[in-house]
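Per the working numbering, residue 2 is the first one in the sequence shown, and the count goes up by one each step. A virtual CB, placed ideally from N, CA and C, is assigned to each residue, including glycine. All values derive from a computational prediction rather than experimental measurement. Everything below concerns the one structure shown next.
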Amino acid sequence: MGVRTSTIREWEAAGCPVERKAEKAGQASLYRAADVIAWDRERAVRAATGDMAASDLNDLRKRKLAAEVILAELILAEKQGQLVRLDIFVEQVAHACSALKSRLLVLPAVVAPSLTLATTTQEFFDIVYQAVIEALEDISSGSFNFFGTGAATEEPSDAV
2 MGVRTSTIRE
12 WEAAGCPVER
22 KAEKAGQASL
32 YRAADVIAWD
42 RERAVRAATG
52 DMAASDLNDL
62 RKRKLAAEVI
72 LAELILAEKQ
82 GQLVRLDIFV
92 EQVAHACSAL
102 KSRLLVLPAV
112 VAPSLTLATT
122 TQEFFDIVYQ
132 AVIEALEDIS
142 SGSFNFFGTG
152 AATEEPSDAV
C-alpha cells in the first residue's frame, strides 16, 4: 500500500486486521490486502463523517457548542444586515427583474408616436437610442423601484 512499517504498526494498534501476527521481533506479520483496504476505508468514512459512536461525550459537547456559536454568529450577521437569507434574496432579484422587464417593455409605446414623425433612418435611430438611454438612466437612478418596496417612481415620459 506504499506506507512505512511505522505506519503499519500504528494501524495495528488502531485495530487494523492482521492475518497472522509476527512471532518474533524482526519478522513480518501477514495481512490480507482486502481486509486492510476495507478497514482503511471504514476508518476514512468515520473520520470524514465524525463517527458519533467513536466520539466521547466531551467531543460531542464541543461540537454542539461550536455549532451553536456558528448559528448565533449567522443570526447576528443577518440582524446586522451583513447576511441575507437566500429565499429573500431570490424574491428581491425576481422583483428587480420584473421591474426591469416592465420598464423596457414600455419603450415601444413611448417611441411609437415619435417614430411616425421620423422621415429618415437617422431620425428613427436617434428616437429609439434616446428612449433606451432614458430607460437605462431611469433604471440606474436611485429612484427606480426595483424591489416593489412602495418607493415613488416616476412614470416614463412620453416626450422623446
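Where the alpha helix (DSSP H) containing residue i begins and where it ends
i: Cys17; result: No alpha helix (DSSP H) holds Cys17; DSSP gives it neither H nor E.
i: Arg33; result: Element bounds for Arg33: n/a, residue is neither H nor E.
i: Glu24; result: First-last for Glu24: undefined, no H or E at that position.
i: Thr121; result: That residue, Thr121, is in no alpha helix (DSSP H); it is neither H nor E in DSSP.
i: Phe90; result: 87-106
i: Arg1; result: This structure does not reach residue 1, given that the chain is present from 2 up to 161, and the question cannot be answered.
Own chain partners of residue i with C-beta closer than 8 Å, once the 5 adjacent residues on each side are dropped
i: Ser7; result: none
i: Ser141; result: none
i: Leu77; result: none
Residue i CB to nearest heavy atom of the ligand NAP below 7 Å
i: Ser141; result: Absence of the ligand NAP is noted for the structure shown, with no ligands found whatsoever.
Residues near residue i by beta carbon distance below 6 Å, same chain, minus five either side
i: Trp1; result: Residue 1 falls outside the range modelled here, since the chain spans only 2 to 161, and no answer is possible.
i: Ala95; result: none
i: Thr120; result: none
i: Asp36; result: Pro18
i: Leu217; result: The structure shown has nothing for residue 217, since the chain only spans 2 to 161.
i: Leu118; result: none
i: Leu106; result: none
Cut-off 7 Å between Cβ atoms - residues of its own chain near residue i, not counting five sequence neighbours on either side
i: Ala29; result: Ala23
i: Leu116; result: Phe125, Ile128
i: Gly3; result: none
i: Glu13; result: Val19
8 Å contact criterion, which residue i and residue j should meet: CB distance rounded
i: Arg104; j: Ala136; result: 6 Å
i: Glu20; j: Arg33; result: 5 Å
i: Leu84; j: Leu75; result: 6 Å
- [ ] Evaluate the contact criterion for the segment 121-132 versus the segment 99-113: three or more CB pairs, one atom per stretch, below 8 Å.
- [x] yes
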